[in-house]
Amino acid sequence: MPKTAREVLKILKKNGFIKINQNGSHIKMYNPKTNKTAIVPIHIGDIPLGTERNIWKQANLNSPRIYH
Numbered sequence: 009m010p011k012t013a014r015e016v017l018k019i020l021k022k023n024g025f026i027k028i029n030q031n032g033s034h035i036k037m038y039n040p041k042t043n044k045t046a047i048v049p050i051h052i053g054d055i056p057l058g059t060e061r062n063i064w065k066q067a068n069l070n071s072p073r074i075y076h
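Listed below in structure tokens is the structure:
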């Protein structure tokens with residue numbers, strides 16, 4: 009099920025990511041422990057499923073459902 013940008017950011021924060029930059033409608037999140045960076049688009053409504061999968065790949069989170 010697609011998630012909103014707010015839900016995705018919440019999951020990333022629970023996994024050690026911090027906001028390091030915002031450029032327009034995109035937030036750059038960084039995890040200092042894993043040295044991974046993920047870009048989250050901030051738009052109205054749900055994030056498309058393909059985009060959400062790319063965010064999880066960038067963050068190296070294979071199964072984000074378990075991190076709710």
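Just so we're aligned, residue 9 is where the sequence shown starts under the working numbering, counting upward by one. Each residue gets a CB set at the ideal place from its N, CA and C atoms; glycine is no exception.
(Q) By the three-class DSSP mapping on this structure, what secondary structure does T59 have? (A) Three-state DSSP puts T59 in a helix.
Item to complete: Could you pull out every residue in the same chain whose Cβ sits closer than 7 Å to the Cβ of N68, ignoring the five residues on either side in sequence?
Response: Once the five neighbours on either side are set aside, the close Cβ partners of N68 are T42 and K44.
7 Å CB neighbourhood of T59 in its chain, flanking five on each side removed: So the qualifying residues of the chain are P49.
_By the three-class DSSP mapping on this structure, what secondary structure does I52 have?_
Coil at I52, not helix or strand.
* Asked: Using the C-alpha atoms, what's the distance from K11 back to L20?
  -> Roughly 13 Å separates the two Cα atoms.
*Can you say whether L17 is buried or exposed, counting buried as having 16 or more other CB atoms within 10 angstroms of its CB?*
Taking every protein chain shown into account, the CB of L17 has 16 or more other CB atoms within 10 angstroms, so this residue is buried.
Pick helix, strand or coil for K21, following the three-state DSSP scheme. Note: K21 maps to helix in three-state DSSP.
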